[in-house]
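Protein chains: 2
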Amino acid sequence: MSEHWFKAHIRDMDRQESLEHLKGYTVGRIIFDDDRGPTALPVNYVVVGEDVLIATSPYGSIAHWTPGRQVAFEIDDFDAANETGWSVVVRGEAEVPAYADLPDDNEHRPYPWAEGDRRFHVRVRTTDLTGRRLVPA
Amino acid sequence: MSEHWFKAHIRDMDRQESLEHLKGYTVGRIIFDDDRGPTALPVNYVVVGEDVLIATSPYGSIAHWTPGRQVAFEIDDFDAANETGWSVVVRGEAEVPAYADLPDDNEHRPYPWAEGDRRFHVRVRTTDLTGRRLVPA
């Protein structure tokens with residue numbers, strides 16, 4: 001791999017810029033603790049207000065380990081050629097929303113790519129919403 | 001967003017296939033617990049044996065929170081048009097390797113894109129190495 005003469009600078013995004021990035025994507029990673037420590041699973045998501053809403057299997061590890069607990073949600077994108085990129089991290093408690101609180105129309109609900117029963121919704125109640133950018137020197 | 005008629009199947013990767021993917025990338029996410037729960041930060045990495053080696057700031061949160069603790073490391077890639085992708089998750093304890101145990105030549109050491117003092121190395125001692133693929137229906 002070729003080394004760049006000048007390394008990229010790290011710049012913080014403010015909450016609004018972080019939220020814009022969050023709204024612009026549909027795949028991220030839910031970060032949670034199970035009985036063996038922290039782990040991550042990629043999932044499709046939508047943004048509701050400033051919260052992250054995902055749809056998962058009622059029998060899977062996300063449904064088992066996240067409700068009522070502190071979690072994170074991360075998205076990012078990178079440009080290997082230019083050695084730049086950005087990431088956004090949401091932190092907050094995961095909750096299981098009441099059916100009545102889900103978005104009314106399918107279009108605003110999470111749309112999982114993966115097969116299977118994904119009727120179990122988890123909403124990350126955003127407290128922290130931060131982002132960082134690697135900008136070229 | 002257009003909905004596909006048939007959703008993708010989830011297939012497990014075996015350890016060897018997961019390792020091949022891990023060796024093929026240079027950016028992933030270190031997943032760890034700090035004093036506010038689980039979180040994730042993107043980092044550049046190299047693979048040493050089956051372990052993940054990163055270089056970070058001695059003053060940052062990775063250096064503060066990971067040594068001696070259980071962590072995870074995640075990589076993935078997605079194809080939004082085809083609604084497919086894959087992910088690999090490493091789990092294990094993070095340790096600070098002795099200088100003598102670092103790869104001899106720079107080429108095999110982590111090459112951080114970001115500016116700053118990144119002389120603090122963290123090695124994730126891989127115990128679990130698993131992967132999943134979303135394959136078209």
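Protein sequence lines, in the order shown, are assigned to chains A and B.
Residue 9 in UniProt numbering sits at position 9 of the first sequence; the count goes up by one each step and never skips.
Residue 127 in UniProt numbering sits at position 127 of the second sequence; the count goes up by one each step and never skips.
Ideal Cβ placement from N, Cα and C applies to all residues, glycine included.
A quick note: this is a predicted structure, and the numbers were derived from the prediction, not measured.
For residue i, which three-state DSSP category applies?
i      : result
A:N44  : strand
B:H121 : strand
B:A100 : helix
B:E50  : coil
B:A63  : helix
A:H108 : helix
B:E4   : Rather than Glu, the amino acid found at residue 4 of chain B in this sequence is His. Correct three-state label for B:H4: coil.
B:P136 : coil
A:G116 : coil
A:P58  : coil
I think residue i touches residue j, with their Cβ atoms under 8 angstroms apart; what is that distance to the nearest whole Å?
i      : j     : result
B:V90  : B:L53 : At roughly 11 angstroms, the Cβ-Cβ gap does not stay under 8 angstroms, so B:V90 and B:L53 are not in contact.
A:V135 : A:R11 : 6 angstroms
B:V27  : B:P38 : 20 angstroms between Cβ atoms; not a contact.
Determine whether the Cβ of residue i lies closer than 7 angstroms to any Cβ atom of chain B.
i     : result
A:I30 : no
A:A81 : no
A:P78 : It should be pointed out that residue 78 of chain A corresponds to Phe in this sequence rather than to Pro. Yes, because at least one Cβ of chain B sits closer than 7 angstroms to the Cβ of A:F78.
A:D35 : no
The beta strand (DSSP E) spanning residue i covers which residue range?
i     : result
A:E17 : That residue, A:E17, is in no beta strand (DSSP E); its alpha helix (DSSP H) goes R15 to K23.
B:S87 : T84 to E95
A:F32 : V27 to D34
B:E74 : Q70 to D79
Check the Cβ-Cβ distances between residue i and every residue of chain A, and say whether any is below 7 angstroms.
i      : result
B:L129 : no
B:G92  : no
B:T39  : yes
B:P136 : no
B:H9   : yes
The segment 50–73 of chain B: positions lying closer than 8 angstroms to chain A by Cβ: R69, Q70, V71 and A72
Proximal residues, the segment 96–117 of chain A versus chain B, C-beta separation under 7 angstroms: Y111, W113, A114 and E115
Chain-ordered residues of the segment 12–31 of chain B with a beta carbon less than 8 angstroms from chain A: T26, V27, R29 and I31
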